[in-house]
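Novice: There's a structure below that I have some questions on.
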Ligand SMILES: Nc1nc2c(ncn2[C@@H]2O[C@H](COP(=O)(O)OP(=O)(O)OP(=O)(O)O)[C@@H](O)[C@H]2O)c(=O)[nH]1
Ligand SMILES: [Mg+2]
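Numbering (our numbering), first residue to last: 651 to 883.
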């Protein structure tokens, strides 16, 4: 099996080494591409160090500027699609996504084009969220489902596994969201293309280290971004 996890990082120095180690514990074969946007906390240097220690398994893409999660993913995907990977995964690098779920993704992807890790498939599976954050996330999910009409329980999830051909079929040139809405846009486009989408339950653990990037500006961008997605397509 040829699989790679793309890990976007911005100021994840406190989390990255542990994440890489936990993915390695799961499998010595699975590759990782860390996409760092010149993090001021030195995540990029740490990524290089991890890559030096694991030259056949850990790779790093350095970008000069922080210009959003979506742009980081697009650059990462372009790089990995040049190689012969069968499966390409997306994960947050803040330890919110647990590598122990990986076998479930690999099982489901056999019969799907995309597998989405869902926090809401079996009730609500989140750890360390206050009520405000929980309500916000639930509202976001329902809003996305209502506006885009995609039948997914967790359309904003960042833990996903793509079959190579499915990712290629999306064609990144036409994407217009560059931030967190990118995760919604990917799934929306996959759905509109008629790709076969599966879901697996995941437990989401809120970050213990590093700063949260969620603020009102991000929320407004997301509300507007999802609406724009529906209006354009
Ligand atoms: N390369 C890159 N990575 C980013 C950028 N923004 C966020 N990330 C990374 O994307 C992943 C998800 O972002 P988070 O900040 O954890 O987003 P979140 O989970 O919605 O919110 P919090 O965990 O509460 O901060 C993390 O690994 C971040 O480091 C960016 O502009 N560039
Ligand atoms: Mg996070």
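From the three backbone atoms N, C-alpha and C, an ideal C-beta is built for every residue, glycine too.
With hydrogens ignored, establish whether the beta-carbon of residue 690 is closer than 8 Å to any heavy atom of ligand 1.
Specialist: no
Novice: Which residue wins for smallest C-alpha separation from residue 683, given the options 664, 724, 865, 883?
Specialist: 724
Novice: Within the stretch 791-824, note down every full alpha helix (DSSP H) run reaching 4 residues or more, in order along the chain.
Specialist: 814-820
Novice: Quick one: does the C-beta of residue 672 sit closer than 8 Å to a heavy atom of ligand 2?
Specialist: It does not: the Cβ of residue 672 is nowhere closer than 8 Å to a heavy atom of ligand 2.
Novice: Do three or more CB pairs link the stretch 783-801 to the stretch 810-820 at distances below 8 Å?
Specialist: no
Novice: Cutting at 6 Å between CB atoms, please list the residues of its own chain near residue 676, excluding the five before and the five after it.
Specialist: 749, 752
Novice: According to the Cβ coordinates, are residue 777 and residue 849 closer than 9 Å?
Specialist: no
Novice: Bridge partners for residue 714 per DSSP, in chain order?
Specialist: Assignment of beta-bridge partners to residue 714 by DSSP yields no partner.
Novice: For the alpha helix (DSSP H) containing residue 686, list its first residue and its last residue.
Specialist: Premise fails: residue 686 lies in the beta strand (DSSP E), 681-686, not in any alpha helix (DSSP H).
Novice: Hey, would you say the C-beta of residue 867 is under 8 Å away from at least one heavy atom of ligand 1?
Specialist: Because no heavy atom of ligand 1 lies under 8 Å away, the Cβ of residue 867 does not count as near it: no.
Novice: Answer yes or no: the CB of residue 830 versus the heavy atoms of ligand 1, is any distance below 8 Å?
Specialist: yes
Novice: Determine, using beta-carbon pairs with one atom in the stretch 653-664 and one in the stretch 710-724, whether at least three such pairs fall under 8 Å.
Specialist: yes
Novice: Rounded to whole angstroms, how far is the Cβ of residue 802 from the Cβ of residue 847, which I believe are closer than 8 Å?
Specialist: About 7 Å separates the two Cβ atoms, so the contact holds.
Novice: With H, G and I counted as helix, E and B as strand and the rest as coil, what does DSSP make of residue 707?
Specialist: coil
Novice: Do residue 875 and residue 827 have their CB atoms nearer than 9 Å?
Specialist: yes
Novice: Quick one: grab the DSSP three-state call for residue 776.
Specialist: The answer is strand: DSSP assigns residue 776 an E or B state.
Novice: Below 7 Å CB to CB, which residues in the same chain sit around residue 880 once its five sequence neighbours on both sides are set aside?
Specialist: 797, 798
Novice: Taking DSSP as the reference, what is the three-state secondary structure of residue 771?
Specialist: coil
Novice: Among all the DSSP beta bridges, which residues are the ones paired with residue 849?
Specialist: 766
Novice: Compute the minimum distance between the beta carbon of residue 764 and the heavy atoms of ligand 1, and state whether it is under 8 Å.
Specialist: Result no, Cβ not under 8 Å from ligand 1.
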